[in-house]
Structure formats: structure tokens, C-alpha cells
Amino acid sequence: MKSMLALHGGVPVVSEPWPQWPAWDEHTEEAVLRVLRSGRWAISGMSTGAPSEERRFGEAFADFVGVPYGVPVVNGSAALVVALESLGVGFGDEVLVPGLVWVACASAVARIGARPVLVDIEPDTFCMCPSSAAAVMTSRTRAILLVHLYSSLADLDAFLALSEKTGVPIVEDCSQAHGAKWRGQRVGSLGSVGTFSFQNSKLLTAGEGGIVVSKHKSLYNALQQLRSDGRRWRRGPSVEGFPDLEEVGEWQGYNFCMTEFQAALLNERLQHLDEENERRAKNALLLESYLADIGHVTLIRRRDGRVTCPTFYHLPFKIDPVGFGGADIDTIRLALQAELGLYLEPVDPPLNKHVLYQPRLSRRFNTLRKTELDVRCFNLPRAAELSTTCFTLPHHALLAHSTAMRNIAEAFEKIKRHFFKL
Ligand SMILES: *Cc1c(COP(=O)(O)O)cnc(C)c1O
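Sequential numbering of the sequence shown, starting at 114, is according to our numbering.
Next comes the structure, spelled out in C-alpha cells:
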């Protein structure tokens, strides 16, 4: 029965496997083996005489983004912590955070003693709304944590103007937009600092990992010391058998150092990022044109000439239930998932309703701070609305052959027909 939904035991639209993520090849294998055999597995290990993979990656990724400095760290959450601290943000300060975003953006702010102020999002991009942000700024606001979420970029023009006017710096979290361009410039180069995650699902990955990039030399010094317990690269040539790091102690740091294995993976996979982004973008636009013919399904992405190179991470489908006989979003998601044989992630709830963001459960915070961190004072109606009308396609599906885009559209069509006939 071809017309029966795969969810109900029918034949699925797609039977071929989807591309694997993370992707790798023999060059990736060689890169990891090279580190293994070099005997140096961390930047705190003794020099082999050759530059460390971590240092090379810091330079290569900063160069890719178009800024002079990059400091790799263990993960994207740590990147946010050191980015904020390098800007002097700390106890008693407020940081603007989008109301719908991965929980790490809020918990990183809370972790350093500051208060995340949750700001509602734009209804058509999933990114922080500039006028809502301006409305909640106070004399305590010390940073704007701007996140490029899913397949949209935040309105950088509006936020750069707001930052200029108020003197409050922007931390640009690009963990979902590696390689995207705004008016020809890579994201991560527009704010005071840019942060990235290289967690398993991201567009560039080492399983775990992160980096902070900046155009400011003074921040580079701070970032280095924050990531390696107050140490930084020693000046002068590297001497085999001796440490590359010198003890400075101008900043109270952490051990947030990325291993040489992670950095070697990233150095190798960075070579593929632009090409993979291009393939994803081509397929996303193809899929969008097919969906336009079907109706009641649209993609949430910023359609704006200022986005000169879009990236597609999770691609949100916005569902108009009218076209699906009023079926609820999760039923449609599960039905499509069964047709495609592919996990489709729901959109996160807003942070004021998120089960993973509950600072009151933690003994890190005293009673006074818990009151300050209480999310019940935030009202995020646009985030709430969008989270219940969308679900997402993972980016590796966009690395498939273009015929797979036709299959996704066909699966939507089949589900629509089914719910109409019910
Ligand atoms: C993944 C992600 C993070 C956290 O990165 P980790 O490497 O998982 O710590 C932070 N911000 C955004 C927007 C993310 O997508």
C-alpha cells in the first residue's frame, strides 16, 4: 500500500541511506594518526619542534573568518564563557540572550555570575529582535549575545548600530553558521568577539570543540590566558622538548584547552567547509522551490540581500496546519520522519519554558542569585509561537543528491493527502 503512511506501516518514500555525519576520508584518518605518532597530544605537552595543531588551527580559522586572532577551546559553551570574561563581563552584569536558543547561551552567562536577560525573537528568522533588545537594555547591560540560529543570520546592521549607540559590545555566537557571510564579511568578524562550537552535529566538527575569534589584540591576550590557566604562547621560536606556553597570570583562567587530536581533525575538515556549505545551499533552495508548489510548508530563513553567503544548519519547516487537516505539529513531524527514515529534531521551547534551563536546581547559585535568574519574569510570545509551528531537517540531509530534495517534497505531499482524506 503505497498510499498508507510509513508511520502506520506503509512503504516509506525514502529507502536509501542519508549521507553520514560527520564526514571523513583517508586524509582525516591520517591527520589523527599523525598526532598520535607525534607524541604531543596537547598544547601543554612539550614541543616537537613543529607548530602545534591547535595553534595552526587558531590561525587558520581566524584567517578563514577574516580576523587576526583565534583561540581554540574545549567546546562552544567554554567559548562563550571566555568571550564574555575577556570583555570584562562578570558578577552583577546583565547580558542580552535570545529567548529561543540552545540552553548553553543562557547557562554560560549565569556561570560567570551575570544575569541572562531573555529577549524575544523575530517571527520570521528565529534570531533576537533588535527593537525588543533595545527596549530591555539598562545601565547594567554589559554585552549582547547575538546568535545566528538554524539557517538565519541575526540582523547585524541593527545590532551593530545599537552597539555603537550604547557602547555595549556584541558577542557573536556563530555555532550554527560556520562560514556564513553578511554583506561579504564572514560572521564572527562583525562583533567584538565571535564564538563557534565544533560539537558533533555542527557544520564543522571534531566531536567536541570550540573557538573564539577577534580582531582585537588585547582580547587575544586575555582569551589565551582564560583558556589555559593564565598561560599564553611564549614569544620566540619553539624549542623541541621544551614547553611552548609561558606562565603570565594576568587573568584567572581555566583549563579549556582543545587537544591536538581535535585540532588536527578541524585543520583537515576546514578544507571542505565552503564546498559543503555550497552544496547544502543549492539543495535548500531546490527544496524551497518544490515546497512552494505543495503549499502550507515554508522554510524559516532570512531572505535578505545582506546575507551574501547563507548557511544551512538545522533547516526549520514552518507548518500551516490548515493544509494538514489540522494535525498537530508532532504528528506531522513523526509522519515525515517515518517517510524519510531520518531523525527530525523539534524546535526547542523558549528558555523560560525549557526543562534544561533551571538555575534554581543548582547549588552554584545562592538564593539572591536564584531570584535574579528566575525566568518567570520574561514574556516571549513570538518564540513560543514559532517553537510550536516548526520542526527541523538536519543539515547532512542537504548533502544528499538533489533527487533527495524531490523525495522530501513528495513525502510532505503524501502526508497532506493522507490527512485530507481522513
Ligand atoms: C552548539 C551550540 C552551543 C554550545 O556549544 P557546545 O560545543 O555544545 O558547548 C552554543 N551556542 C549555540 C548557538 C550552539 O548551537
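Glycine included, every Cβ here is placed at the ideal spot set by N, Cα and C.
For Ala335 and Trp295, which I take to be in contact (beta-carbon distance under 8 Å), what is that distance rounded to the nearest angstrom? Rounded, the Cβ-Cβ distance is 25 Å, inconsistent with contact.
Which residue wins for smallest C-alpha separation from Val246, given the options Leu269, Ala227, Asp176, Ser157? Correcting the residue identity first, residue 246 is Ala in this sequence and not Val. Of Leu269, Ala227, Asp176, Ser157, the residue nearest in Cα terms is Leu269.
For His514, count the other beta carbons within 10 Å of its own beta carbon; 16 or more makes it buried, fewer makes it exposed. Which is it? exposed
What would DSSP say about Lys534, mapped onto helix, strand or coil? helix
With 16 other CB atoms within 10 Å as the buried threshold, where does Ala119 fall? buried
Whole alpha helix (DSSP H) elements within the stretch 244-297, 4-residue minimum: 269-279
Could you compute how far the alpha carbon of Arg345 sits from the alpha carbon of Ala517? 48 Å
Would you identify the three-state DSSP class for Phe374, choosing helix, strand or coil? helix
Beta-carbon separation of His329 and Phe425 under 8 Å? no
Can you tell which of Ala510, Pro164, Arg147, Met117 has the C-alpha that lies nearest to the C-alpha of Phe355? Pro164
Among Val148, Thr444, Leu193, Asn492, which one has its Cα closest to the Cα of Phe311? Leu193
Closest to Gly292 by C-alpha separation, out of Leu499, His409, Val180, would be which residue? Val180
Answer with buried or exposed for Lys529, where buried requires no fewer than 16 other C-beta atoms within 10 angstroms of its C-beta. buried
Could you tell me the boundaries of the beta strand (DSSP E) in which Ile225 lies? Note, Ile225: premise wrong, no beta strand (DSSP E); not H, not E.
Between the Cα of Arg145 and those of Val202, Ser160, Glu373, spot the shortest distance and give me the residue it belongs to. Note that residue 145 is Val in the sequence shown, not Arg. For Val145, the nearest C-alpha among the options comes from Glu373.
Flag this pair as touching only if the stretch 235-243 and the stretch 410-419 have three or more C-beta atom pairs under 8 Å; answer yes or no. yes
Taking 8 Å as the threshold (C-beta atoms), are Leu332 and Ser190 in contact? no
Burial state of Ile407 (16 or more Cβ within 10 Å): exposed
Here's the rule: buried if 16 or more other CB atoms are within 10 angstroms of the residue's CB, otherwise exposed. What is Arg253? exposed
What did DSSP end up calling Pro459 once you bin it into helix, strand or coil? strand
Given the structure, does Lys315 come close to ligand 1, in the sense that its CB is under 7 Å from one of the ligand's heavy atoms? yes
Gln289 burial status per 10 Å Cβ neighbour count (16 or more: buried): buried
Could you check the C-alpha separation between Trp131 and Thr421 for me, to the nearest Å? 28 Å
Consult DSSP for Ile445 and reduce its assignment to one of helix, strand or coil. helix
Could you tell me if the beta carbon of Ser288 falls within a distance shorter than 7 Å of some heavy atom in ligand 1? yes
In whole angstroms, what separates the C-alpha of Ser151 from that of Thr161? 7 Å
Please work out which residues of its chain come closer than 8 Å, Cβ to Cβ, to Cys503, disregarding the five sequence neighbours upstream and downstream, and give them in chain order. Ile413, Pro429, Phe430, Lys431, Ile432, Ile442, Val460
Ligand 1 and Gln375: does the residue's C-beta get closer than 7 Å to at least one heavy atom of that ligand? no
Top-ranked residue by Cα proximity to His531, from Ala440, Gln338, Glu172, Val222: Ala440
Check whether the stretch 204-223 touches the stretch 366-383, taking contact to mean three or more Cβ pairs, one atom from each stretch, closer than 8 Å. no
Between the stretch 221-229 and the stretch 169-185, do at least 3 Cβ pairs fall closer than 8 Å? no
Distance between Glu321 and Asn313 (C-alpha atoms, nearest Å): 6 Å
From which residue to which residue does the alpha helix (DSSP H) around Ser500 run? 494-500
Cβ of Arg519 within 8 Å of Cβ of Tyr403? yes
Along the chain, where does the alpha helix (DSSP H) containing Leu339 start, and where does it finish? 330-340
Supposed close pair Gly297, Val326 - CB separation, criterion 8 Å: So it is not a contact: roughly 17 Å between Cβ atoms.
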